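Be aware that the sequence shown starts at 17, since it is given in our numbering, and climbs by one per residue.
Below is one structure, written out as structure tokens; comments come after it.
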Amino acid sequence: MIRVDVELAERSYPIFIGTGLLRDATLLGRAIKTRQVMVVTNDRVAPLYLDSVLTGLGDRQIASVVLPDGEEYKTLESFSTIMTALLEHRFERGCTVVALGGGVVGDLAGFAAACYQRGVRFVQVPTTLLAQVDSAVGGKTAVNHALGKNMIGAFHQPAAVLADLDTLATLDVREFRAGVAEIIKYGLIRDREFFEWLEANLDALLAREASAVTHAIKRSCENKAEVVAADEHESGERALLNLGHTFGHAIEHALGYGSWLHGEAVAAGMCMAASMSARTGMIAPTTRDRILALIARAGLPVTPPAGPTVDELLAAMRIDKKNQGGRIRLVLLDAIGHASVRDDYDAQALLDVLASGAVPPAA
Ligand code: NAD
Ligand code: GLY
């Protein structure tokens, strides 16, 4: 088992990465210390892993909430379902909420843990690649609103993250690739060596070879832990973790949540950011092509979907937490391994990039 620590003074916590973690009663007991435990999961993950976790938790007051599966259920209504369960079971402030699932369950359960009785203990048990490399780490929690993705939420760090690699075996190929998008992101924004490792080892990673998967998760978590430790509440460097996300969130919003996976939208968004960076002269066209080639090899989209108009995508981009004074701020690339947040880009370049897959506005 590998351990990566997120250093946040008295709120520091470990990320455990390994196999057999869900069956490891000692580890579960160490991470989840309280008498009352509420496990939040969904109806796809529950039949696969809920029993293991409940068995591992042993003799305590345990309850579970099984939500419907899907990004379209990352809502205040599902949040309310969790609250009702906590209240009905008379859970006290000393309880723990456990998120068992992908990023949707993690974000929802984390937001519930942040709010219930003004904040209770929270443990992440991520079961998708995307959640293991990104969403389970760092304490961002949220639900979507009809007017914008992740616009309602809180920072609430978990007390521990248990990433059991065995759970990835049941992940379908599309969801596995969606996780690879966020892995590539770390190479692009701050870790050129990791990007080069991915170029050399992508096939092994996609084939889910244990050593490649373990290295990719470990290196991603190390990168994320360093960023979160330096800038927990995103006043600076943490914004770079949003490479491709302003475009990606707009794609998800314009298509309707659940149509494209989050990681797919982020992949297309990273390509759009790379194209913007090339158009504005920040990177060479050959660098852009190298980035698009890796993302394409991962089986991920490199252009936005046909369908949403430029105006629809632009409208969705205007609802973004990075925006300031009404100006859309974008994470762009200065090089592979180096990114910055910019609002001084050429507006026409943005329109051209948005139109590269979208239906242009009527003449
Ligand atoms: P997801 O949670 O919807 O999971 C993808 C699919 O895989 C779902 O159908 C899920 O039920 C299923 N699944 C989960 N584990 C499985 C397993 N082991 N075997 C089989 N199926 C399994 O999506 P995701 O890609 O994990 O996460 C995307 C969400 O995470 C988005 O809502 C995004 O906004 C959020 N996110 C949050 C952060 C953050 O920092 N908080 C970072 C990145 C993404
Ligand atoms: N996924 C973006 C962040 O955690 O900041």
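Backbone N, C-alpha and C define an ideal beta-carbon position, used for all residues, glycine too.
Computed from a predicted structure; not experimentally measured.
If you draw a straight line from the C-alpha of V380 to the C-alpha of P321, how long is it?
As shown, the chain starts at 17 and ends at 379. That puts residue 380 outside it, with no answer to give.
Would P174 be called buried (16 or more neighbouring beta carbons within 10 Å of its own) or exposed?
Residue mapping note: residue 174 aligns to position 158 of the sequence shown, counting from 1. With 16 or more Cβ atoms within 10 Å of its Cβ, P174 is classed as buried.
May I have the straight-line CA-CA distance separating A158 from N166, to the nearest angstrom?
Reading the sequence shown from its first residue, position 142 is the one you call residue 158. Reading the sequence shown from its first residue, position 150 is the one you call residue 166. Taking the straight line joining both Cα atoms gives about 5 Å.
Check R343 in the structure and name its three-state DSSP category.
Within the sequence shown, the letter at position 327 stands for residue 343. The answer is strand: DSSP assigns R343 an E or B state.
What does the Cβ neighbour count give for Q364, buried or exposed, with the cut at 16 atoms within 10 Å?
As a working mapping, residue 364 is identified with position 348 in the sequence shown. Exposed is the call here.
What is the DSSP secondary structure of Y132, reduced to helix, strand or coil?
Here the question's residue 132 lines up with position 116 in the sequence shown. If DSSP states are grouped into helix, strand and coil, Y132 belongs with the helices.
Is it true that the CB of S356 sits closer than 7 Å to the CB of D350?
Position 334 of the sequence shown, counted from the first residue, corresponds to residue 350. Position 340 of the sequence shown, counted from the first residue, corresponds to residue 356. Yes. Within cutoff.
Would you tell me roughly how many angstroms separate the C-alpha atoms of V243 and I31, rounded to the nearest one?
As a first step, residue 243 must be located in the sequence shown, where it is residue number 227. As a first step, residue 31 must be located in the sequence shown, where it is residue number 15. Each residue's Cα considered, the two are about 15 Å apart.
Tell me where the alpha helix (DSSP H) around F211 begins and ends.
Numbered from 1 along the sequence shown, position 195 holds the residue referred to as residue 211. It spans R208 to L222 - the alpha helix (DSSP H) in which F211 sits, taken as one unbroken run.
Could you check what DSSP says for I352 in three-state terms: helix, strand or coil?
Here residue 352 corresponds to residue number 336 of the sequence shown, with the count starting at 1. In this structure, I352 counts as coil in the three-state DSSP scheme.
Taking the beta carbon of R19 as the centre, do at least 16 other beta carbons fall within 10 Å, making it buried, or is it exposed?
Mapped onto the sequence shown, residue 19 falls at position 3. When all chains shown are included, R19 counts as exposed.
Please classify L348: is it buried, with 16 or more other beta-carbons within 10 angstroms of its beta-carbon, or exposed?
Looking up residue 348 in the sequence shown gives position 332. Buried.
Taking the C-alpha atoms as reference points, what is the distance between I307 and L222?
Position 291 of the sequence shown, counted from the first residue, corresponds to residue 307. Position 206 of the sequence shown, counted from the first residue, corresponds to residue 222. Computed Cα separation, rounded: 17 Å.
Measuring only the C-alpha atoms, how far is D85 from G297?
Residue 85 sits at position 69 when you count from the first residue of the sequence shown. Residue 297 sits at position 281 when you count from the first residue of the sequence shown. If you take the alpha carbons of D85 and G297, they lie about 42 Å apart.
Measuring alpha carbon to alpha carbon, tell me which residue in E87, G342 and E26 is nearest E191.
As a first step, residue 191 is located in the sequence shown; it is residue number 175 there, counting from the start. The candidate whose alpha carbon is nearest that of E191 is E87.
Can you tell me where the beta strand (DSSP E) with T50 in it begins and where it stops?
Locating residue 50 in the sequence shown gives position 34, where the first residue counts as 1. It is not in any beta strand (DSSP E) - T50 carries neither H nor E in the DSSP assignment.
Spell out the partners DSSP gives L178 in its beta bridges.
Position 162 of the sequence shown holds residue 178. Answer is F32.
Alpha carbon to alpha carbon, how far is A228 from N217? Give it in angstroms, no decimals.
Numbered from its first residue, the sequence shown carries residue 217 at position 201. Numbered from its first residue, the sequence shown carries residue 228 at position 212. Cα to Cα, the separation comes out at about 7 Å.
What's the C-alpha gap between P377 and L163?
Here residue 377 refers to the residue found at position 361 of the sequence shown. Here residue 163 refers to the residue found at position 147 of the sequence shown. Interpretation of P377 is limited by its pLDDT of 44, a score under 50 that renders its predicted location unreliable; the figure taken from the coordinates is listed afterwards. In a straight line, the C-alpha of P377 is about 21 Å away from that of L163.
Does the stretch 281–298 touch the stretch 313–320, meaning 3 or more C-beta pairs lie closer than 8 Å?
yes
Closer than 6 Å by C-beta to R254: which residues in its own chain qualify, once you throw out the five before and the five after it? Chain order, please.
As a working mapping, residue 254 is identified with position 238 in the sequence shown. The answer, listed in chain order, is V243 and D247.
Going by the beta-carbon positions, is the gap between A147 and G126 smaller than 7 Å?
On the sequence shown, position 131 is the one that residue 147 refers to. On the sequence shown, position 110 is the one that residue 126 refers to. Going by C-beta atoms, A147 is not nearer than 7 Å to G126.
Can you give me the C-alpha to C-alpha distance between G154 and L43, rounded to a whole angstrom?
The residue given as residue 154 occupies position 138 in the sequence shown. The residue given as residue 43 occupies position 27 in the sequence shown. Those two C-alpha atoms are separated by around 21 Å.
Counting only runs that start and end within the stretch 283–350, where is the alpha helix (DSSP H) found for 4 or more residues in a row?
Here the runs fully enclosed are 301–313 and 326–333.
Is the stretch 64–73 touching the stretch 91–98, taking contact as three or more C-beta pairs under 8 Å?
The answer is no - the stretch 91–98 does not touch the stretch 64–73, with fewer than three Cβ pairs under 8 Å.
Between G117, G118 and L103, which has its C-alpha nearest C111's C-alpha?
Along the sequence shown, one-based indexing puts residue 111 at 95. Residue L103 is the option with its Cα nearest to C111.
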